[in-house]
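Position 378, counted from 1, in the sequence shown is what the working numbering calls 912; the numbers after and before it change by one each time, with no gaps. Every residue, glycine too, gets a C-beta built ideally from N, C-alpha and C.
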Amino acid sequence: MNPASRTELSQRPQWTALADHRAALGEVSLRQLFADDPRRGERYTLQVGDLHIDYSKQLVTDETLTLLRELAEATGVAGLRDAMYRGERINTTENRAVLHTALRAPRGAVIEDGGPGGPNVVPEVHEVLDRMAGFAEKVRSGEWTGATGRPLRTIVNIGIGGSDLGPAMAYEVLRSFSDRDLTVRFVSNVDGADLYESVRDLDPAETLFIVASKTFTTIETVTNAEAARRWLLDGLGAGPEAVARHFVALSTNAEKVAEFGIDPANMFEFWDWVGGRYSYDSAIGLSLMVAIGPERFREMLDGFHLVDEHFRTAPPEANVPLLLGLLGIWYGNFHGAQSHVVLPYSHYLSRFAAYLQQLDMESNGKRVQRDGVPVAWQTGPVVWGTPGTNGQHAYYQLLHQGTKLIPADFIGFARPVDALPPGLAGQHDLLMANFFAQTQALAFGRTAEEVRAEGVPEELVPHRTFPGDRPTTTILADELTPSVLGQLVALYEHKVFVQGAVWGIDSFDQWGVELGKVLAKEVEPLLTAKEGERSTDSLDSSTAALVARYRELRGR
Ligand SMILES: O=P(O)(O)OC[C@H]1O[C@H](O)[C@H](O)[C@@H](O)[C@@H]1O
């Protein structure tokens, strides 16, 4: 697009209409909105698959929603969405298609890399899924043995970023579906302590390493994989031929995998049109598939696909990812909110926010538009969160009475997972009572009059008053199943897409992580060189002094 001919987002009439609307609404009160419309709690809900979405406790009116949808229309969200699904190269800075939706497309679908006329990627996707399933079943049944002939009982996934957070989050979510005597661990940090603590109680004869790296050049992963190989061969007292029984690779880079010494027959492939943070439903999910079995994994893919189809076909008024994306824009761009908190009321979702941090912040943490012109509006929020009940006893104080507006997503389930024994399953009502009570307290607060009426001494009234009007979305499903996890993740993927499309940024590159990598390569030799061999003169005075201090502490 020619920058000169482009209408700046913040100059668009739809944008200024929203700004005017925001000013006119002023300090809109949820108490008032609910009083004005007794059916608001039913009206402001949507359903997608198993997910019931209640957005009635949002600071919005019908007009707000109309204006937000008009902004989406004016910025071409639907057109970009269709281009993504068609396989066009919408990741322009890397000239790549963005086809994570193809990872969960049904067997017969046709999706062409690069758009119509390009190679159909769906057969390859299913070929790899089938190979993964074959391997997973062999490990699960004990048919696949280690170098000493014993079945493999622990799987250690070595990867970082998208090659760690997705499978680690999903394994945690679905661990109650793990139906074999197998456990999975995840090593990501280049701090040797991570690998050390993960393997020190393991028997190498029963350990399978899955080296997960899209590029297979990521220094943390390659370093840890090399250390793991040494640990394995030393522990077994075996030669390199043992590697083939204990190492598999998940990557797009067959050449580097072979260079590392992993048999290409033990490599499960994915493609450059899958972003790392969108990849755990590709071969990157192998550890999860081994744990829960191919059938459950496929159920998860079907859950993803269901939401993909919803996002592609549902009309704007009923389109849940569109709605969630636009609500984020409403707060980030028109209320000055800087962050977004995700609060699952499920222990199994304890790593969900960490996963969403990469998905959202690496996608939309951008400061220039697709054509390189800086944005003049806020882009992606700081995303954070931990399981809700724990948060209640820690940072909810700030959510309720602090000075910052932090929109929240509450995620909960009607039923505990089947694996829980009745005694513990009985605690579920208490968990969910907290969930509902918190969204209620955040929305409606407690006025000074109400506090006084409770007999609270006058000097404490301001402290015990809750302003309310803290917006939340409730996402409620019957049960946390593989399909529901797929639905949830796809929902957030597409929400992030909507926001990036409105802001005019490339949500699918991540150049911001590169500079630190380059500088680390320059600094490392300065830490390890013999005295006088390397000069730190080219460094700034802070970094030079820190390097000198580090060397001194290390006696170098
Ligand atoms: O899978 P890999 O190629 O090893 O990449 C692992 C991660 O590191 C990179 O620096 C990117 O920021 C992430 O998007 C990626 O997921």
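Closest Cα partner of residue 548 within the set 741, 676, 867, 653: The option with the nearest alpha carbon to residue 548 is 867.
Straight-line Cα distance separating residue 718 from residue 712: Approximately 10 Å between the Cα atoms of the pair.
Contact set for residue 698: own chain, Cβ-Cβ below 6 Å, skip 5 residues either direction: If the five residues before and after residue 698 are omitted, its C-beta is found closer than 6 Å to the C-beta atoms of 720, 722, all from its own chain and listed in chain order.
C-beta contact flag for residue 886 and residue 618 at 8 Å: Between residue 886 and residue 618, the CB-CB gap reaches or exceeds 8 Å.
Simplified DSSP assignment, three categories, for residue 692: The answer is strand: DSSP assigns residue 692 an E or B state.
Cβ-based burial, residue 655 [other Cβ within 10 Å; buried from 16]: When all chains shown are included, residue 655 counts as buried.
Reference residue 1095; option with closest CA among 659, 648, 900: Examination of residue 1095 is not possible in this model, given that the chain is present from 535 through 1090 alone.
Within 8 Å, strictly: CB atoms of residue 662 and residue 802: Going by beta carbons, residue 662 and residue 802 fall inside the 8 Å limit.
Delimiting residues of the beta strand (DSSP E) encompassing residue 753: Run containing residue 753: none in the beta strand (DSSP E); it sits in the alpha helix (DSSP H), 753–770.
Run of the beta strand (DSSP E) containing residue 918, from where it starts to where it stops: Annotation for residue 918: the continuous beta strand (DSSP E) segment containing it runs 916–918.
First and last residue of the uninterrupted beta strand (DSSP E) at residue 946: Per DSSP, the unbroken beta strand (DSSP E) holding residue 946 starts and ends at 942–947.
Cβ-Cβ distance between residue 881 and residue 921 below 8 Å: Against a cut-off of 8 Å, the Cβ pair of residue 921 and residue 881 comes out as a contact.
Residue 611 (DSSP reduced to helix, strand or coil): Three-state DSSP puts residue 611 in a helix.
Distance between residue 561 and residue 728 (C-alpha atoms, nearest Å): Answer to the nearest angstrom: the Cα atoms are 49 Å apart.
Bounding residues of the beta strand (DSSP E) (the contiguous stretch that carries residue 587): That run of the beta strand (DSSP E) goes 585–588.
Nearest to residue 825 (by Cα), restricted to the options 1077, 632, 678, 709: For residue 825, the closest alpha carbon among the candidates 1077, 632, 678, 709 is that of 709.
Helix, strand or coil at residue 962 according to DSSP, with G and I counted as helix: In this structure, residue 962 counts as helix in the three-state DSSP scheme.
Beta strand (DSSP E) segment containing residue 653, residue limits: Going by DSSP, residue 653 is part of no beta strand (DSSP E) at all; its letter is neither H nor E.
Whether residue 630 touches residue 623 by CB criterion (8 Å): Cβ atoms of residue 630 and residue 623: closer than 8 Å.
In DSSP terms, what residue 783 is bridged to: Answer by DSSP bridge pairing, in chain order: 745, 801.
Contact under 8 Å by Cβ, residue 779 with residue 681: Yes. Within cutoff.
Per-residue burial, residue 781 [other beta carbons within 10 Å of its own, 16 or more giving buried]: Counting Cβ neighbours within 10 Å, residue 781 comes out buried, since at least 16 surround it.
Coarse secondary structure for residue 657, derived from DSSP in three states: Residue 657 falls in the helix class under three-state DSSP.
With 16 other Cβ atoms within 10 Å as the buried cut-off, status of residue 853: Residue 853 comes out buried.
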